[in-house]
Amino acid sequence: MDNMTTTDECKLDTSYEDVRRTLLEERYTDRLSKPLGYWVLPNDRRLPLAFLGRTLGDLLATPFDELSATPGIGEKKIGSLVKLLHRATKDQPPAVSFEASLLGDASLQGGAETNGGLKFDPSIVSEALWSQWREGVRDYEVGNEKLGRLAPSLQNLPTVIWHTPLSQYLDHTVAEIRRLRTHGEKRVRCVLEVFHSVYQTLNKAEKSDNLRRLLTPVNILQVHDWVSAQLKDPSCPAIDQLRDQFVSPLLQQLQVDSGPTVHRLAMERLGFNGEPTSVRAQARSLGVTRARVYQLLDDGGKVMNVRWPEGKRMLDELTNRLSALGDNPELRLFYGMKELCFPEKQNGIPTPIATREDAAHPTQVTPSFEAIPS
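According to this note's numbering, the sequence shown is numbered sequentially starting from 2.
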């Protein structure tokens, strides 16, 4: 057993010296400042944790005997060290499978749930994987896109970074992001999840594709296309079409981004399945104040401003066209949904949603023509 161990150590020593000589060649100079952890993949096992934070230059300057004598470092972990050093000789960061690596075991590790019900685990995002995501964003030139427009959901993404462009993180490693001011683990997790989602989409795209459409949430894209078509159609939209292609997708997006409570309040306020419900009745049902209900409903405007930034302009144009057709009670849902998503402002302050009532009876939503540009 001892002879076998000695033989194995000699093989590892020889392998280490071979890869060490290779990495000390001039063409690999740019890699010496990177930490060993840069080349770790999510499914790696028996990692030499004591070495992951050290740079290649530092490790290669250390004799093999000294590395082997490091506390907690045995033969298998030295073998992992040599394997990682060999990876560092490759011209590209090691490739990984997204679903297998990031989502396969994450349900056992308490990761954040994605829209598909799977789990995203930020703790297994290696520097090499992060490098691939950053390069994808650079290659497709989508760095100016905002985190909030591209996030799988806005429920966990802090509102203060909804309008932050992807480019703000392109020059940082994961370790550096974790050291940024105000970037606790929750915020870092959300940033990584957005990049993961974006890269999954870009990885299936062609350079000739309309990337803005590809990166737009399906619900928003459906509504955007419907409104674009209505702007060219001189007739009044049918109520079924209005419900199915405009109101319903926007309500679904609110559920994705604001949760079931806001979704329910919006449906009740609009009277989507019947008569509109007063805020007083909603507050009583939830056991909260009316001010809290208004606050929850106002979240819809914040969501749409980042999810569909051109939405207000388009809906204002459509309101202008529809108002020329005269009064039509079937358009109540259109005006109500528009006011929920893009409430008009007076002196920079949002006006009350649906003419915030102080009576027990709900009001009917009508367009504010004075606030619409001609």
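We treat Cβ as the ideally placed atom computed from N, Cα and C, and that holds for glycine. Predicted model, so just to flag it, every value in this text is computed and none were measured.
{"Asked": "Beta-carbon proximity of residue 256 to residue 221, cut-off 8 Å", "Found": "no"}
{"Asked": "Distance cut-off 7 Å: residue 185 Cβ against heavy atoms of the ligand MN", "Found": "As presented, the structure is devoid of all ligands, the ligand MN included, so that no description of it is given."}
{"Asked": "Backbone secondary structure at residue 205 - three-state DSSP", "Found": "coil"}
{"Asked": "Option in 84, 24, 28, 75 with minimal Cα separation from residue 59", "Found": "24"}
{"Asked": "For residue 227, the first and last residue of its enclosing alpha helix (DSSP H)", "Found": "219-232"}
{"Asked": "Span of the alpha helix (DSSP H), counted from its first residue to its last, around residue 137", "Found": "128-140"}
{"Asked": "Test item: CB-CB of residue 128 and residue 153 under 8 Å", "Found": "no"}
{"Asked": "Proximity to residue 228 [Cα-Cα], best of 37, 56, 319, 298", "Found": "319"}
{"Asked": "CB of residue 74 within 8 Å of CB of residue 36, strictly", "Found": "no"}
{"Asked": "Inter-stretch contact at 8 Å, needing at least 3 Cβ pairs: the stretch 327-347 / the stretch 236-243", "Found": "yes"}
{"Asked": "Where the alpha helix (DSSP H) containing residue 259 begins and where it ends", "Found": "249-259"}
{"Asked": "Cβ neighbour criterion (16 or more within 10 Å) applied to residue 176", "Found": "exposed"}
{"Asked": "Chain-order list of residues whose beta-carbon lies under 7 Å from that of residue 89 (same chain, five-residue window excluded)", "Found": "24, 32, 40, 57"}
{"Asked": "For residue 38 and residue 61, believed in contact at Cβ under 8 Å, the rounded distance", "Found": "About 15 Å separates the two Cβ atoms, so there is no contact after all."}
{"Asked": "Nonlocal neighbours in the same chain, by C-beta distance under 8 Å from residue 206, ignoring five residues either side", "Found": "141, 212, 215"}
{"Asked": "Distance between residue 288 and residue 137 (C-alpha atoms, nearest Å)", "Found": "47 Å"}
{"Asked": "Environment of residue 231 [buried if 16+ CB atoms lie within 10 Å]", "Found": "buried"}
{"Asked": "Counted within 10 angstroms of its Cβ, other Cβ atoms place residue 11 as buried (16 or more) or exposed", "Found": "exposed"}
{"Asked": "Per-residue burial, residue 192 [other beta carbons within 10 Å of its own, 16 or more giving buried]", "Found": "buried"}
{"Asked": "Same chain, Cβ closer than 7 Å to residue 147, neighbours up to 5 away in sequence not counted", "Found": "163, 164, 165, 166, 307"}
{"Asked": "Endpoints, the alpha helix (DSSP H) within which residue 177 is located", "Found": "175-180"}
{"Asked": "Limits of the alpha helix (DSSP H) - the one that residue 67 falls within", "Found": "65-69"}
{"Asked": "Straight-line gap, residue 247 to residue 224 (C-alpha atoms, nearest Å)", "Found": "5 Å"}
{"Asked": "C-alpha distance - residue 135 paired with residue 156, whole-angstrom precision", "Found": "24 Å"}
{"Asked": "Residues of its chain near residue 198, where Cβ-Cβ distance is below 6 Å and the 5 sequence neighbours each way are ignored", "Found": "153"}
{"Asked": "Alpha-carbon to alpha-carbon, residue 77 and residue 28", "Found": "29 Å"}
{"Asked": "6 Å CB neighbourhood of residue 174 in its chain, flanking five on each side removed", "Found": "128"}
{"Asked": "Beta bridge counterpart(s) of residue 277 as assigned by DSSP", "Found": "According to DSSP, residue 277 bridges with nothing at all."}
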